[in-house]
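As given, the protein sequences belong to chains C and D, one line each in that order. Throughout the first sequence, residue numbering follows the numbering used here, covering 1 to 245 in sequence. Throughout the second sequence, residue numbering follows the numbering used here, covering 1001 to 1246 in sequence. Even for Gly, the Cβ is constructed at its ideal location relative to N, Cα and C. Report on the following structure.
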Amino acid sequence: MIVDAHLHVDDLPALGWQLEAAECVRRLDEAGIARGVVMTIVDAPEVNPDAIELIAEACAAYPGRLDAFARIHPWYGDTSVELLEHAFALGFKGLKLHPVTTIAHPAEEQTLRLIRVAASHNAPTLFHCGDEPLTTPYAVGRAAAACPEATVILGHMGGYFHVDEALEVAEELPNVVLETSAMPYPARIREAVERVGAERVLYASDGPACSPRIEVEKVRLAGLAPGDEDAVFAGNALRLLEGVR
Amino acid sequence: MTVDALTFVGESIFGRSSTVPGLLAALDAAGVVRAVVAPHKPPGYHLAAANDAVAAAVAAGGGRLTGLARVDPLQGAAAAAELERALDLGLRGLFLHPWEETFRIADAVVDRVVAVARERSVPVVVASGYPWLSEALQVGALAERFPQVTFVATNGLQLNISGLGQVDAQLALADAPNLLLLTSGVYREDFLEGVVRRFGCERLLYASAFPYFDPRLEVRRVQWAAFDEEEQAALLHGNAERVFSI
């Protein structure tokens, strides 16, 4: 069984990106993936006040196939918190933060407030974690260090040039999980398992624009032991999703 | 038959050294028959010695390897002379790495060595997508200055894990018909497919940039994308054969 921990549903004519739930499911089927976690590309309440409903509807259309993360802009104070609580009431399983779109630093107080709300539901926070300012492992690590009760997922585990730092942060902070999507080096996945343990490495694709099938192949090329591969492909995601309350 | 349009052999100052046997084994593991090879930045900083090593690698490659010469444009006349010398050894193109040699690809200092490439009718491969030094529109500006030269940009002209480099890459392709892209490390399948749909299959070449990326994964990005048979053939070998005179 495989669970894809990072997919997108959204409609962004400005970027020419139309990412539909049906396409996510088609891509999951193509790759033999049982379940996927979907989130928007933009944030609620700005620039899309209906982002939570968009994802809720996508998941409702594919029961048992899609789970939801709420992508929320931290700068709207109580409104941001209310949106996140609303999402959990709808059955969402986590929080997604992308500092490139929000320009909110991972360790600023309004961001930490949302991470702590997610943690109060035993839900993870997935950060975009790559090479851009505000998203590097050291920056996201500050947030993880400030919220030791939270599970913080480093999406893309540092991107092209920050994988070393992602591994370093994960070694230092036991509440950090490394997520494999887009990061293009199969060998670094094996290294991650060796250094922080298979229970803290999570398969994802960043699909449907990125190919879930290719991303599965990447993990297979890492050459993990069967038990470790099972954890990376499904066990860890299921533990996170099913632990949310 | 598949041709990998960019790989590296030799000693690397960055700890990424690769040998001819290691390269050939990696190609075999990916089902790749031939490859274009460029020098790493060597520990001694002497690119002439690295070019000699690539020429030797080509000779040792059993007819499977085609070499590129690497120079540092900041060396001015010496760089131009080294490119001439390396091409005389049988190398088939110029490789520029603005990030590792630290120059801005759109800077006029680059023109002298590109002019040599133009005179010798060889392509120029540019390590692309590096911030400040080889961004898509910077590479595009150089390509527009030399419309007679074929430029081949690594990494789909972008190294951005948010996908935010795509628009600049497309703008550069639109402005410079002599600019082609390598697929190395491009994680967005829809971008690769979009380049072929909008600009034609002759603008995109499969490459792994071994040892930086894994050829077994990189070749799948082309093989598993939504390309028809003709497009697959162009990307996997036809374009490389044409551009590098293989």
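- A Cβ-Cβ distance of about 16 Å is found for the pair C:Val152 and C:Thr180, leaving them out of contact under the 8 Å criterion.
- At least one CB atom of chain C sits nearer than 7 Å to the CB of D:Asp1190.
- One finds Gly130, Asp131, His156, Gly159, Tyr160 and Ala182 in chain C with Cβ atoms closer than 7 Å to the Cβ of D:Ile1161, taken in chain order.
- In this structure C:Ala209 does not touch C:Met157 by the C-beta definition: roughly 19 Å separates them, more than the 8 Å allowed.
- With a threshold of 7 Å between beta carbons, D:Gly1238 makes no contact with chain C.
- C:Ile41 and D:Thr1183 have their C-alpha atoms some 24 Å from each other.
- Secondary structure remark: continuous alpha helix (DSSP H) runs of at least 4 residues inside the segment 187-233 of chain C, in chain order: 212-221 and 226-230.
- At least one CB atom of chain C sits nearer than 7 Å to the CB of D:Asp1214.
- Between C:Pro212 and C:Leu238, the alpha-carbon positions lie close to 18 Å from each other.
- In the structure shown, C:Asp43 falls within a coil segment according to DSSP collapsed to helix, strand and coil.
- Listed by position along chain C, the residues whose Cβ is nearer than 7 Å to that of D:Tyr1187 are Ala182, Pro184 and Cys210.
- Take C:Trp75, set aside five residues on each side of it, and the residues of its chain with a beta-carbon closer than 8 Å to its own are Thr102, Ala104 and Gln110, in chain order.
- D:Val1243 is positioned such that its CB atom lies no closer than 7 Å to that of D:Thr1154.
- Taking each of D:Ala1026, D:Phe1008, D:Leu1023 and D:Gly1044 in turn and checking the Cα distance to D:His1097, the smallest one comes out for D:Phe1008.
- When Cβ pairs closer than 8 Å are counted between the two stretches, the segment 18-36 of chain C is seen not to touch the segment 86-101 of chain C, the count staying below three.
- Across the set D:Leu1173, D:Ser1121 and D:Val1116, the C-alpha of D:Leu1173 shows the shortest separation from the C-alpha of D:Gln1138.
- Here the alpha carbons of D:Leu1133 and D:Thr1102 stand approximately 7 Å from one another.
- Scanning its chain for C-beta atoms nearer than 7 Å, with the 5 sequence neighbours on each side dropped, one finds around C:Leu241 the residues Asp67 and Lys93, in chain order.
- Contact of C:Leu221 with chain D by beta-carbon distance below 7 Å involves Asp1214, Arg1216 and Leu1217.
- The three-state reading of DSSP puts C:Pro137 in helix, counting H, G and I together.
- For C:Thr79, the uninterrupted alpha helix (DSSP H) segment begins and ends at Gly77 to Ala89.
- Identification of residues in the segment 1220-1234 of chain D having a C-beta nearer than 9 Å to some C-beta of chain C yields Arg1220, Arg1221, Trp1224 and Ala1225, given in sequence order.
- For D:Phe1146, the CB contacts under 7 Å within the same chain, skipping 5 residues up- and downstream, are Val1114 and Arg1118 in chain order.
- Among the residues facing chain D, C:Lys93 is not included, as its CB has no counterpart in that chain under 7 Å away.
- Only residues of its own chain outside the window of five on either side were considered, and among them Glu1193 have a CB closer than 7 Å to the CB of D:Ala1226, listed in chain order.
- Residue contact check for C:Val100 against chain D: a CB pair falls below 7 Å.
- The DSSP-derived three-state label of C:Gly158 is helix.
- A Cβ-Cβ separation of about 5 Å places C:Ala144 in contact with C:Leu173 under the 8 Å criterion.
- Around the Cβ of C:Met183, a 10 Å sphere holds 16 or more other Cβ atoms; the residue is buried.
- Residue state for C:His8 is assigned as strand, using DSSP reduced to three classes.
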